Amino acid sequence: MKKIYCLLLTFLTLLIHAGTLKSQVIVSGAVSGTWDNLIHVTGDIWINEGESLVINPGTRVVFIEPAIFNVWGSVNSNGTSEQPVIFTVPDSTGFADSSQLTGAWQGIVFSHMVANTDSSIFTNTVFEYTKDKRDAGETSWGGAITAVGFSKLRFSFCNFISTHSWSGGGAAAMTAGANIIFQHCSFENCRVYDSLTGFGGALYAREASPIVEHCTFYNNKGGWLGGGLCFYYSDPLIRFNEFKGNSALIGGGISLVHCRPARIISNNVIHQNGPAYFGGGVACNNACDPVFANNTIVDNYAAYGGGFYCNDSAAPTVINSIITNNYTFGGDGPQVYIWDIYSHPNFFYSNIEGGLNNFAGSGALGGYHGVFADNLDTANYFDIKGPLPWALSDSSPLRDAGNPDTAALQIPPVDFANQLRLVKGRIDIGAFEWQSGEGVSQISTVSVSVAPNPSNGTVVIRLPKANDGLFQVELFDMSGKRLFNQQKICIQGNIPVDFSRLSGRGLYLIRISGEHTFSTIIVLK
């Protein structure tokens, strides 16, 4: 009996060991096909041109060595919220030592891609413990992700945690037209080491047009510029993001350099960033002239310019935004600091603590030659007991105090909390639109449909439960730019609209508003 028991125990041990080996795959060199379960990477890996790799939910990719993952084909990482894909290391001991690669792997690099390469998409994927100690050159940036001249990349619901870079982009670096999309991603404890050329604690872009929306940036650190992100010579779309606890010497939350974006930076909450030497919240540098609309910039701190900083001929425009409760430690300009007389930021319909007289720097007071019009200097009256930070209370003077003409601002139809903008009356100041009280209770949302959808010509908007009468019909593209704004008569619940003049194909959002009704719907052209 004892001999039979020992044989059974040996057999079960071998069976368990065989199952473990079956679920564990060891890779190095060229890879493709499908990954499941546990993948051990023992050397540099790559996907060749024309090849693809699919990573299934719950897969754990463990880099035993500090290897590089080069992609010349395509990769699709298909995690879910319950079963994310994870890129990690078996042991992070030594990760804090920036001079060594111990406790880390070296990220994923997309470079020298051919034009017809398929897209690479990462969903619900975790990247952690990276250092980019690669050879100097175009791929020497970016802790977890490096992209050079390749735009077919999208990251959705991904987490970048403790990813480090020596020069720029602790989480990701995008250069030479790498127009990456980041949606609903989080960046936490990412950093760059170099105090002289360290750009973008989490994200760095140069000559690119990234889209960054619905993301969170927490406790990231840039060596020189941009604790959360730093973009050079780029046309980014930055909206619906939260920047908190990030730090850099210039621009604790955001630093833009030589950027002249055509797209509006809107609906961001930038708070509690710092310390910084210049610009705890936002820094605009070197002939940079972005437009900021409906942002909330509060509780940031720096030596100079706790909230907002301008340098070297910067000429940003700030509209419908809050810049209050920022502070400095031993310096001047707690809200706004303008370094030079060549910089001339413009401010409209914003709430700026202390007003123009509280600006500091050579470009302030007698040196100020921007436009400062229709601004407030008042308490915000945030709804501190409500569920949303920095939302306006019923008594806030910032309600209905924004620019009454929003047609050219490309402001999205929703606010930071995905609540409707312009429910009634003028737009509010800040990232949150006030949603309660009499003004909102009188508005009801009705069901709406569009036919045909998709369409190349005239569509009929159907509002079966709405009263006949005059309705405002607006059409927005997915960047928030309003393309169409007309009054139409609703007869028996139908509103015909001709969209045939729209040149571009894609998704559009229709907003229909009447005296007591409001609806939105997406249409495909």
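Letter 441 of the sequence shown, counting from 1, is numbered 967 in this note's numbering, and no numbers are missing.
Backbone N, C-alpha and C fix where the C-beta goes; we use that ideal spot for every residue, glycine too.
Predicted, not measured: the structure shown is a model, and the values here were computed from it.
Assign residue i to buried or exposed, taking buried as 16 or more other Cβ atoms, counted over all protein chains shown, within 10 Å of its Cβ.
i: Asn596; result: buried
i: Asp825; result: buried
i: Glu608; result: exposed
i: Arg1037; result: buried
i: Gln550; result: exposed
i: Gly777; result: buried
i: His690; result: buried
i: Asn842; result: Residue identity differs from the one stated: residue 842 is Pro in this sequence, not Asn. Pro842 is buried by the Cβ-count criterion.
i: Gly620; result: exposed
i: His870; result: buried
Could you give the distance in angstroms between the alpha-carbon of residue i and the alpha-carbon of residue j?
i: Cys785; j: Asn563; result: 43 Å
i: Asn799; j: Ser646; result: 33 Å
i: Phe1112; j: Gly983; result: This structure leaves residue 1112 out entirely; the chain is present only between 527 and 1051.
i: Tyr1034; j: Leu755; result: 29 Å
i: Val1023; j: Asp954; result: 29 Å
i: Gln945; j: Asn794; result: 14 Å
i: His797; j: Pro736; result: 22 Å
i: Ser792; j: Ile707; result: 16 Å
i: Ile594; j: Gly727; result: 20 Å
i: Tyr875; j: Ile845; result: 6 Å
i: Val940; j: Glu739; result: 13 Å
i: Gly695; j: Lys770; result: 17 Å
i: Asp1089; j: Gly555; result: Absent from the structure is residue 1089, since the part of the chain shown begins at 527 and ends at 1051.
i: Tyr830; j: Thr904; result: 22 Å
i: Lys866; j: Ser888; result: Checking the sequence shown, residue 866 turns out to be Asp, not Lys. Using only the alpha carbons, I get a separation of about 5 Å.
i: Gly893; j: Glu733; result: 32 Å
i: Asp1112; j: Asn1011; result: With the chain covering 527 to 1051 only, the question about residue 1112 has no answer from this structure.
i: Thr651; j: Gly880; result: 44 Å
i: Gly753; j: Gly669; result: 14 Å
i: Cys836; j: Cys716; result: 25 Å
i: Pro860; j: Arg988; result: 52 Å
i: Ser1039; j: Val999; result: 7 Å
i: Ala819; j: Ile790; result: 7 Å
i: Phe676; j: Ile581; result: 21 Å
i: Ala828; j: Asn851; result: 12 Å
i: Thr568; j: Cys814; result: 45 Å
i: Gly724; j: Gly1019; result: 58 Å
i: Pro610; j: Ser839; result: 45 Å
i: Asn883; j: Leu891; result: 6 Å
Among the options, which residue has its Cα nearest to the Cα of residue i?
i: Val985; options: Lys1014, Glu959, Pro816 and Ser603; result: Lys1014
i: Ala957; options: Glu575, Asn582, Tyr803 and Ile937; result: Ile937
i: Leu1009; options: Pro980, Arg717 and Ala933; result: Ala933
i: Ile744; options: Trp750, Leu729 and Gln626; result: Per the sequence presented here, residue 744 reads as Tyr, with Ile not at that position. When each option's Cα is compared against that of Tyr744, the closest is Leu729.
i: Gly912; options: Pro930, Gln961 and Ser869; result: Gln961
i: Phe997; options: Pro990, Ile1021, Val817 and Leu722; result: Ile1021
i: Lys747; options: Val718, Pro616, Thr850 and Ala698; result: Val718
i: Ile590; options: Thr656, Asp994, Ile910 and Ala673; result: Thr656
i: Ser600; options: Asp926, Ser624, Gly1019 and Glu575; result: Glu575
i: Ile1056; options: Ala899, Asp900, Asn906 and Ala890; result: For residue 1056 there is no data in the structure shown, the boundaries of the chain being 527 and 1051.
i: Phe855; options: Leu902, Pro801, Pro980 and Gly807; result: Pro801
Along the beta strand (DSSP E) that carries residue i, what are the first and last residues, could you check?
i: Val817; result: Val817 to Ala819
i: Arg765; result: Leu763 to Arg765
i: Cys836; result: Phe834 to Asn837
i: Leu935; result: Leu935 -> no beta strand (DSSP E), and no H or E assigned at all.
i: Arg680; result: Leu679 to Ser682
i: Leu782; result: Ile780 to Val783
i: Arg732; result: Leu729 to Arg732
i: Trp916; result: Here Trp916 belongs to no beta strand (DSSP E), and DSSP marks it neither H nor E.
i: Thr628; result: Here Thr628 belongs to no beta strand (DSSP E), and DSSP marks it neither H nor E.
i: Ile848; result: Ile848 to Thr850
i: Pro1022; result: Asn1020 to Asp1024
i: Ile845; result: Thr843 to Ile845
i: Glu608; result: That residue, Glu608, is in no beta strand (DSSP E); it is neither H nor E in DSSP.
i: Gly753; result: No beta strand (DSSP E) contains Gly753, which DSSP labels as neither H nor E.
i: Ile864; result: Val862 to Ile864
i: Gly555; result: Gln550 to Ala556
Please report whether the beta-carbon of residue i lies at a distance below 7 Å from any beta-carbon of chain D.
i: Ala977; result: This model lacks chain D altogether, as it is built from one protein chain only.
Across which residues does DSSP place residue i in a beta bridge pair?
i: Lys657; result: His690
i: Asn596; result: Trp572 and Val635
i: Ser603; result: Ile581 and Phe648
i: Ala977; result: Val986
i: Ala673; result: Phe636 and Met700
i: Ala809; result: Ser781 and Tyr835
i: Glu959; result: DSSP output for Glu959 lists no bridge partner at all.
i: Phe997; result: Lys1014
i: Tyr827; result: Tyr853
i: Thr643; result: Per DSSP, none; premise fails for Thr643.
i: Asn685; result: Val652 and Ser712
Can you tell me whether residue i sits near the ligand MN, meaning its C-beta is under 6 Å from at least one heavy atom of the ligand?
i: Val718; result: Although the ligand MN was asked about, the structure shown includes no ligands whatsoever.
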